[in-house]
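A.B. asks: Can you read through this structure? Questions will come right after.
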Amino acid sequence: MRDPKHDILFEPIKIGPVTAKNRFYQVPHCSGMGWRRPQTLAAMRGIKAEGGWGVVNTEYCSVHPTSDNDAFPFAALWDDDDIRSNALMTDAVHAHNALAGVELWLGGGMIVNFGTRIPALGLRNRPQTDAGECHPGQTRKIDKQDIRDLRKWHRDAAKRAITAGFDIVYVYATHGYLLSEFLNPLTNTRSDEYGGSLENRVRLVRELIEETLEAVAGKAAVATRFSVDLDDSETYDAFAMLADLPDLWDLTGPDYDIEMGNSRFVKEGALVPNVARAKTMTSKPVVAVGRFTSPDTMAQVIRSGAQDMIGAARPSIADPFLPQKIEQGRVEDIRECIGCNICYAHDSLGVPIRCTQNPTMGEEWRLGWHPERVPPATTRQSVLVVGAGPSGLEAARALGARGYDVMLAEELRTLGGRVSREAALPGLAEWARVRDWRIGQIAKMPNVQVFRESRMAAKDIFDLAVDHVLIATGAKWATDSIGRHSDTGFSHAQPAMIVSAETVLEGAAISANHIVIYDDDHYYIGSVLALALREKGHRVTLVTPQGRACAWGENTNEQYKSNAALIAANVQIITNQCVD
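Dropping the structure here:
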């Protein structure tokens, strides 16, 4: 039985001509699946509907070959042949009494059209504008005929969306894509009715909302995704011009690094102040994300009037059954998103998303994995799991759920392995959720025994005579510098000078005043160790063979803020340098 203070989360809400059964709204988010893997995509979205999400949306859905984001997977409604694959998703979502939404997308100058080889349409003749990619692509300045064409493409895609069974159809006017270019005075330098004044710059968005409402003809709601920024009053002026036009507002913030922020730097509910101001300006329902994982916070946000629905991408990936668990009063069973953004990274790499918390994510169709169900063991057998880090804990939990008799042995008093140590580093506290959730689940299983301070030698393992043994003792950070950029490792450093990452993680005192971190990992660990050592008063230099610190962190949306944090902490950064 759910807690009465969460009742507001389960109140139905009318969105134009359709009604969502509750306030849980999976916003459009990338999946790394798109048009290439329609069965995989449908199964993943269907699992979320099964888990209780009232609305489940696609990722960005291209309306025409001029919006092609290869090699990043995207959805498509280019022609009638795309209807069938999209219907796989709507059928999967409708099977669980949820609404299905589609985010129609016009790419603009941020894309290159590698797949279709058609020049991208932008507001100027200029290089492709996604500075994170720096592709040698050129956009073609959009003319009046192009505007007429894209309005038709958008209308046609909206009609196909209805045929495919979608209940909500988006006009996507944020995140730097084409409609954002029209809204932005820095990119829109047109002198006709689509440029200059704010009213003119808003014109195309208005036309598309009106034409989409006409195209869906009352068979679906029309949502608009739009950015508002407390530091830019004009964004609210633009919002006011359209405030009561669409059936639903899906509001975002001024910076994707906030909306999709890594938990090292951005915490739960970061967009609420921006969204709350806009909410006072419209009579239509408003949804927004905030990496919401706390049911209490969700309910409070809705009660406050800041927004009407709880938008989620990452929390719905980490736990597709989050709404159902709240409804059943099983809040302790929620797998809370840790904000590591590994999901985002894999879409950026052009492959299906995965999740640190939810190992079934992306394998719902190919392998038939389910986040809440595992096949029972055919015979009851005993299993020894050696090591209670994240892998050992997950193995013990899954085996216990299947009905095996499990012994989990850990040499330390503390469970969690490296997660427990890394969670103590600057900004990584939420990573402890990986450990805590699994410990909580195991504690409910009488067939899983946990043995702390139980170091196992080979003889000990054989003496137990169990049916199966899993070794989950993990790995250690290398100290020889052999890695991506060095085949020989350190040749001049004295062994006594070298300290492993584990030494820092375990909290051991380091007598040196000046510490050099050689980072050939290029992810988060070098940066957070540098910040931790600065907090202890050490002078720190981070050396990396890459051109920037935390380079792979671009994939997890933390490189820029990580670099800024290092500079603010007076960490010296030396790039493009190997150590020998």
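For the sequence shown, this note's numbering gives the first residue as 107, with consecutive numbering after it. In this text, a Cβ means the ideal position worked out from N, Cα and C, and glycines have one as well.
1. What are the start and end residues of the alpha helix (DSSP H) that includes residue 377?
2. Among 403, 368 and 407, which residue has its Cα nearest to the Cα of residue 420?
3. Label residue 426 either buried or exposed according to how many other C-beta atoms from any shown protein chain fall within 10 Å of its C-beta, with 16 as the threshold for buried.
4. Please confirm whether residue 213 and residue 219 have their CB atoms less than 9 Å apart.
5. When the Cβ atoms of the segment 548-563 are set against those of the segment 451-458, are three or more pairs found closer than 8 Å?
6. Can at least three beta-carbon pairs, one atom from the segment 324-331 and one from the segment 245-252, be found at a separation below 8 Å?
7. By DSSP, does residue 685 sit in helix, in strand, or in coil?
8. Which residues does DSSP pair with residue 387 in a beta bridge?
9. My understanding is that residue 465 touches residue 500, with C-beta atoms under 8 Å, so please give their C-beta distance in whole angstroms.
10. Figure out for me which residue from 440, 566, 324 and 658 has the closest Cα to the Cα of residue 447.
11. For residue 669, report the span of its alpha helix (DSSP H) as first-last.
12. Less than 9 Å separating the beta-carbons of residue 308 and residue 348?
13. Out of 356, 371 and 357, which has the shortest C-alpha to C-alpha gap to residue 363?
14. May I have the straight-line CA-CA distance separating residue 375 from residue 538, to the nearest angstrom?
15. For residue 167, does the three-state DSSP call read helix, strand or coil?
16. Which stretch, first to last residue, makes up the beta strand (DSSP E) that contains residue 646?
17. Once the 5 residues before and after residue 108 are set aside, which same chain residues still bring their CB inside 8 Å of it?
18. Could you tell me whether the segment 274-283 touches the segment 191-207, using the rule of 3 or more Cβ pairs below 8 Å?
19. Taking the straight line between their C-alpha atoms, what separation do you get for residue 47 and residue 359?
20. Report all residues from its chain with a CB closer than 7 Å to the CB of residue 299; omit the five preceding and five following residues, and keep chain order.
21. Any chance you could list the alpha helix (DSSP H) runs of at least 4 consecutive residues sitting entirely within the segment 290-361, in chain order?
22. Exposed or buried, which one is residue 350 when buried takes at least 16 other CB atoms within 10 Å?
23. Quick check on the DSSP output: what are the complete beta strand (DSSP E) runs of length 3 or more inside the segment 217-260, in order along the chain?
24. Are there 16 or more other CB atoms within 10 angstroms of the CB of residue 653, so buried, or fewer, so exposed?
25. May I ask you to list the residues that DSSP assigns as paired with residue 211?
26. Does residue 435 come out as helix, strand or coil in the three-state DSSP assignment?
27. Residue 251: buried (16+ other C-beta within 10 angstroms of its C-beta) or exposed?
28. Pull up the CB-CB distance for residue 515 and residue 562, whole angstroms please, since I reckon it's below 8 Å.
29. DSSP state of residue 530, grouped into three classes?
30. Which partner residues of residue 181 appear in the DSSP bridge assignment?
31. Could you give the residue range of the beta strand (DSSP E) that holds residue 511?
32. Give the C-beta separation of residue 576 and residue 491 to the nearest angstrom, bearing in mind that I take them to be a contact with Cβ-Cβ under 8 Å.
33. Excluding sequence positions up to five away, which residues of its chain have a Cβ less than 6 Å from the Cβ of residue 166?
34. Just the Cα atoms here: how many angstroms apart are residue 123 and residue 317?
35. What are the boundary residues of the beta strand (DSSP E) that residue 492 is part of?
36. What first and last residue would you give for the beta strand (DSSP E) that runs through residue 81?
C.D. replies: So, from the listed chains and residues:
1. Neither: residue 377 is in no alpha helix (DSSP H) and is coded neither H nor E.
2. 368
3. buried
4. yes
5. no
6. no
7. coil
8. For residue 387, which the question treats as bridged, DSSP gives no partner whatsoever.
9. 7 Å
10. 658
11. 665-674
12. yes
13. 371
14. 19 Å
15. strand
16. 645-649
17. 116, 432, 433, 434 and 435
18. yes
19. One cannot answer for residue 47 here, as it falls past the ends of the chain, which runs 107 to 686.
20. 306 and 309
21. 304-322 and 339-348
22. exposed
23. 226-228 and 244-247
24. exposed
25. 168
26. coil
27. exposed
28. 5 Å
29. coil
30. 167
31. 511-515
32. 5 Å
33. 180, 209 and 211
34. 16 Å
35. 488-492
36. Residue 81 lies beyond the range of the chain shown here (107 to 686); nothing can be said about it.
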